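Heads up: the sequence shown begins at 1 in full-length UniProt numbering, then just goes up one per residue. Note that the Cβ used here is the ideal one computed from N, Cα and C, for glycine as well. What you are looking at is a predicted structure, and each value in this text was computed from that prediction instead of being measured.
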Amino acid sequence: MSSGVGFAVGVTVMAVDPVPSPWELADPDPAPALGEPLSAWLPARRSAAEAAALLGQIVAAEAQLAALRVELVMDLAAARPAPADRLPGGHGAGSVGPPDASEFVPDELAAVQNSSRAAAVTLLEHAEILTTVLGGTFAELRLGRLDWPRARAMAAEVAATGRETAPAVIAGMEAAVLPVATELGVTKLREAVRAELIARDATAADRRRENRRRGADVSVRPVGDGMGEFRALMPYPDARACRDAADQHARAAKEAGDPRPLGMLRAGAVADLLLRPWQERPPVTAHLTVVAPLHALTPAGFLASGAPLPAAFTPPGAAAPVGEVDGEPITAAHLRELLTQLQAWGVQAPAGGTLDIAITDATGALLAVTGRRELERLATCTCPVLGPPGPVDRYRPSAAQQRFLRTRDRTCRHPGCRTRAGWADLDHVVPHAAGGDTSCDNLCCLCRRHHRLKTHAPGWTHTLDADGVLTVITPSGVTRISRPPGYRVLPGPPHPPPDPADDPPPF
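Below you can see the structure in the form of structure tokens.
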């Protein structure tokens with residue numbers, strides 16, 4: 001350092017690329033490794049005030065991460081323009097997301113996020129709304145001042161009005177609601193957004209009502225323990241009338257002395273009114289598929305003829321067999337109870353319907369699909385043989401192949417899709433025109449949408465293994481695996497410990 005009259009100059013010299021110290025080389029990043037809890041960053045003991053402050057920071061950070069996710073979703077959509085589609089998707093009333101983006105963007109987004117397509121569609125729709133007509137809301141989200149549940153709620157209400165709502169109407173709603181958004185719960189916030197939109201656009205309510213009416217439908221989903229949830233979305237007056245009718249039937253049965261709970265009687269009334277079991281011939285036929293390990297069908301590992309079950313079907317140390325009825329898991333005891341209740345082999349088609357028996361191995365992989373008569377014939381044969389149907393020398397799969405493949409796949413095989421196999425196409429994974437065989441090793445069920453994606457969307461690849469495992473790779477390089485329902489990978493034998501004598505030098 002040198003000094004002169006009235007001033008001083010200091011010079012500091014430091015290495016541009018300093019050599020790291022030994023401990024920096026050993027641990028260049030003190031942050032927790034991937035898979036370790038983030039609490040490792042924090043002191044072991046925290047006060048309530050510190051915990052509350054950290055929770056607030058986490059909420060803000062989650063909001064900023066959600067905003068980043070929105071931007072990345074829009075980046076993905078921008079990288080997949082509609083003109084790149086091999087087959088125009090007809091962006092119209094049924095389209096979602098940016099109108100100039102590929103119709104297959106939601107499918108790629110679902111694969112990237114490992115989510116359902118419905119969740120991807122919703123996220124894409126909300127992302128477009130936030131980055132276009134709800135700019136103020138998105139800005140607050142990016143700064144962490146508005147949490148994701150509230151931002152998502154505002155976007156959902158705008159989406160419900162349809163694309164016809166004028167941007168000026170949405171801007172007026174946002175100006176009125178956004179300043180108080182953090183003071184309202186999510187439900188109250190949605191009500192406020194809805195009220196503001198209707199106040200500024202009298203036709204918005206009519207559009208919402210019509211959109212909801214067009215979405216009326218009936219659905220069912222399993223809830224476990226042999227139960228299912230039957231849902232009917234319809235105009236509220238009709239729904240109220242249906243419930244009242246079921247309640248009246250249930251109360252009448254209760255007054256007549258039926259000891260069952262009232263809720264159970266309501267459910268029974270709905271089933272009776274729809275299925276009409278009192279009629280001689282049901283108006284609706286059914287198809288039942290019983291899926292079971294072969295050794296669950298007969299006791300003690302013996303066939304009906306008394307012959308021992310082939311060793312290939314009775315692996316040593318196998319766990320208690322578990323069967324399924326139309327995809328819902330049941331225990332072996334339940335399965336035998338079901339088969340006992342049915343006649344002959346416990347195999348009887350529903351009234352007016354059909355029945356298949358699917359035979360699986362210890363991994364749950366499908367071995368064969370058969371019917372009652374074929375199973376009875378093979379059970380008395382000295383060498384019962386069941387297996388998948390062989391290939392055919394034509395484009396259209398044989399009836400036996402169709403039965404086997406729909407039983408094996410049960411749903412569309414695109415990862416995350418649950419469209420029933422009965423509504424799906426049987427697709428050649430290696431196209432028939434490119435030399436692909438019409439065989440069970442080259443066919444799988446794909447719903448019409450994912451069949452179109454495989455055929456027309458650029459950049460996707462599909463590979464089917466001999467065991468029915470489908471590998472799908474997106475244009476962005478994300479790989480997803482789809483295994484046949486019921487199929488499970490059995491752990492191999494443990495590796496023996498290494499022999500110290502085999503250790504290479506230095507010892």
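Could you tell me the distance, in whole angstroms, from the CA atom of residue i to the CA atom of residue j?
{"i": "PRO282", "j": "VAL270", "result": "In this predicted model, PRO282 has a pLDDT of only 47, less than 50, meaning its place in the structure is not dependable; the value taken from the coordinates is given anyway. Their Cα atoms are separated by approximately 16 angstroms."}
{"i": "MET74", "j": "ARG231", "result": "34 angstroms"}
{"i": "VAL193", "j": "ALA160", "result": "11 angstroms"}
{"i": "ARG336", "j": "GLY228", "result": "Any answer about ARG336 is weak, because its pLDDT of 47 lies below 50 and its placement is not dependable; what the coordinates show is given next. Cα-Cα distance, rounded: 21 angstroms."}
{"i": "THR289", "j": "ARG276", "result": "22 angstroms"}
{"i": "residue 509", "j": "VAL177", "result": "With the chain represented from 1 up to 507, any question about residue 509 goes unanswered, as that position is not in the structure."}
{"i": "GLN401", "j": "ASP441", "result": "10 angstroms"}
{"i": "PRO81", "j": "ALA156", "result": "24 angstroms"}
{"i": "ILE129", "j": "VAL158", "result": "8 angstroms"}
{"i": "PRO99", "j": "ALA256", "result": "60 angstroms"}
{"i": "VAL112", "j": "THR461", "result": "14 angstroms"}
{"i": "VAL392", "j": "THR438", "result": "6 angstroms"}
{"i": "GLY263", "j": "ARG69", "result": "44 angstroms"}
{"i": "THR187", "j": "LEU464", "result": "46 angstroms"}
{"i": "TYR236", "j": "GLU210", "result": "13 angstroms"}
{"i": "ASP427", "j": "ALA365", "result": "20 angstroms"}
{"i": "ASP272", "j": "LEU405", "result": "33 angstroms"}
{"i": "LEU355", "j": "GLY390", "result": "22 angstroms"}
{"i": "ARG240", "j": "ALA79", "result": "47 angstroms"}
{"i": "GLY162", "j": "ALA52", "result": "40 angstroms"}
{"i": "PRO83", "j": "VAL472", "result": "23 angstroms"}
{"i": "PRO259", "j": "GLY226", "result": "22 angstroms"}
{"i": "SER39", "j": "ALA204", "result": "47 angstroms"}
{"i": "ALA399", "j": "SER219", "result": "29 angstroms"}
Give me the DSSP bridge partner(s) of residue i.
{"i": "ARG480", "result": "VAL472"}
{"i": "LEU233", "result": "ASP217"}
{"i": "ASP425", "result": "LEU446"}
{"i": "HIS432", "result": "HIS432 is not bridged to any residue."}
{"i": "ALA77", "result": "DSSP output for ALA77 lists no bridge partner at all."}
{"i": "ARG194", "result": "DSSP output for ARG194 lists no bridge partner at all."}
{"i": "PRO222", "result": "GLY228"}
{"i": "HIS462", "result": "VAL472"}
{"i": "ARG420", "result": "THR411"}
{"i": "THR131", "result": "DSSP, once it has assigned bridges, lists no residue as partnering THR131."}
Spatial neighbours of residue i within its chain, please: CB distance less than 6 angstroms, with the 5 preceding and 5 following residues excluded, ordered by chain position.
{"i": "TYR395", "result": "HIS432"}
{"i": "ALA457", "result": "PHE104"}
{"i": "ALA151", "result": "THR137, LEU141"}
{"i": "ASP425", "result": "LEU446, HIS451"}
{"i": "THR474", "result": "GLU108, ALA111"}
{"i": "ARG221", "result": "GLU229"}
Going by CA-CA distance only, name the one from the options that's closest to residue i.
{"i": "residue 522", "options": "GLU210, THR411, ILE357, GLY416", "result": "Since the displayed the chain opens at 1 and closes at 507, residue 522 lies outside it and no answer follows."}
{"i": "LEU54", "options": "THR474, TRP41, LEU405", "result": "TRP41"}
{"i": "ALA60", "options": "ALA82, GLY136, ARG142, ASP107", "result": "ARG142"}
{"i": "LEU453", "options": "VAL177, ARG207, VAL429", "result": "VAL429"}
{"i": "ALA127", "options": "MET154, VAL469, ARG145", "result": "MET154"}
{"i": "VAL478", "options": "PRO43, ARG46, SER47, SER115", "result": "SER115"}
{"i": "GLU140", "options": "GLN64, GLN248, GLY56", "result": "GLN64"}
{"i": "GLY56", "options": "GLY144, GLY226, ARG117", "result": "GLY144"}
{"i": "LEU470", "options": "LEU274, LEU184, GLU50, ARG408", "result": "ARG408"}
{"i": "GLY459", "options": "LEU443, SER476, ARG449", "result": "SER476"}
{"i": "ARG403", "options": "GLY436, GLY435, VAL369, GLY390", "result": "VAL369"}
{"i": "ASP238", "options": "SER219, GLY226, ARG213, VAL223", "result": "ARG213"}
{"i": "GLY172", "options": "LEU134, ALA250, TRP423", "result": "LEU134"}
{"i": "THR131", "options": "ALA67, GLY185, LEU38, ALA202", "result": "ALA67"}
{"i": "ARG200", "options": "LEU189, PRO167, VAL223, SER219", "result": "PRO167"}
{"i": "ALA434", "options": "LEU184, CYS444, THR455, ARG449", "result": "THR455"}
Considering only the beta carbon of each residue, do residue i and residue j sit closer than 8 angstroms?
{"i": "VAL105", "j": "ALA77", "result": "yes"}
{"i": "ALA101", "j": "ALA110", "result": "no"}
{"i": "GLU164", "j": "THR137", "result": "no"}
{"i": "GLU62", "j": "TRP148", "result": "yes"}
{"i": "PRO415", "j": "SER482", "result": "yes"}
{"i": "ASP217", "j": "LEU233", "result": "yes"}
{"i": "residue 508", "j": "LEU124", "result": "The question about residue 508 has no answer here: the residues shown for the chain are numbered 1 through 507."}
{"i": "ARG117", "j": "CYS417", "result": "yes"}
{"i": "ALA181", "j": "LEU146", "result": "yes"}
For residue i, which residues from the same chain have a beta carbon less than 7 angstroms from its beta carbon, with the 5 sequence-adjacent residues on both sides left out?
{"i": "ALA246", "result": "ARG266, ALA269, VAL270"}
{"i": "THR419", "result": "THR411, CYS412, CYS447"}
{"i": "GLN248", "result": "none"}
{"i": "PRO179", "result": "none"}
Once you ignore the five residues that flank residue i on each side, which residues in its own chain have a CB closer than 8 angstroms to its CB?
{"i": "PRO261", "result": "none"}
{"i": "GLY215", "result": "LEU233"}
{"i": "CYS444", "result": "LEU405, ASP409, ARG413, LEU426, ASP427, VAL429, LEU464, GLY468, LEU470"}
Quick check: is the beta carbon of residue i nearer than 8 angstroms to any beta carbon in chain C?
{"i": "THR474", "result": "The chain inventory of the structure shown lacks chain C, comprising one protein chain alone."}
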